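A.B. asks:
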Amino acid sequence: MGKRDNRVAYMNPTAVVRSRGPVQSSGPTIQDFLNRTRPTWGEVKEQLEKEKKGSKALKKELEKHREKLLSGSEIPSKRRQRKKKEKKKSDRRRKRRLLVHVLTYHNTKKNQDSLIKKVQCLRKFQL
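Just so you know, we're using UniProt numbering here: the sequence shown kicks off at 1 and counts up by one.
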């Protein structure tokens with residue numbers, strides 16, 4: 001009963017790769033990249049000038065934004081006025097709800113005096 005021979009011959013990895021042949025790559029090669037068409041210096045200058053000018057729509061938008069920032073005091077005052085109006089409306093609604101609540105739920109003989117006082121108080125606020 002002899003031992004098995006499990007020795008493997010050494011193979012040079014570089015030689016193995018070369019024996020397979022050139023690798024088939026998909027996509028552009030380095031040579032394709034180096035040989036690509038490039039713009040002339042005049043075309044590059046034109047592109048740079050166009051970038052400096054920018055679009056007309058963008059210019060107009062920036063001008064409007066600048067005007068808003070410079071005359072910024074008008075916009076917040078409008079917001080304040082709108083908030084005041086909304087607050088007045090909500091106060092009126094709240095008072096009306098309170099009046100309806102008082103008139104519907106507290107309309108007994110015991111509470112009639114306090115009811116009259118509450119109604120008079122609410123009328124002072126000019127509902």
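Cβ atoms here follow ideal geometry from the backbone N, Cα and C, with glycine treated the same way. Bear in mind the structure is a predicted one, so any value in this text is a computation, not a measurement.
Below 8 Å on the Cβ atoms is my guess for LEU122 versus LYS89; work out the distance and round it to an integer in Å.
C.D. replies: Contact flag wrong, Cβ pair sits at about 16 Å.
A.B. asks: Provide the residue span of the alpha helix (DSSP H) that contains THR14, from first to last.
C.D. replies: Run containing THR14: 13 to 20, per the alpha helix (DSSP H) assignment.
A.B. asks: Whole angstroms are fine: how far does the CA of LYS117 sit from the CA of THR104?
C.D. replies: Taking the straight line joining both Cα atoms gives about 15 Å.
A.B. asks: Going straight from the alpha carbon of ASP67 to that of GLU61, what length do you get?
C.D. replies: With the sequence shown as reference, residue 67 is identified as Glu, and Asp is not the correct amino acid for it. Straight-line Cα distance between these residues: approximately 10 Å.
A.B. asks: So, with DSSP's three-state summary, where would you put LYS3?
C.D. replies: Note: LYS3 maps to coil in three-state DSSP.
A.B. asks: Excluding sequence positions up to five away, which residues of its chain have a Cβ less than 6 Å from the Cβ of residue 136?
C.D. replies: Here the chain has residues from 1 to 127 only, and residue 136 is not among them.
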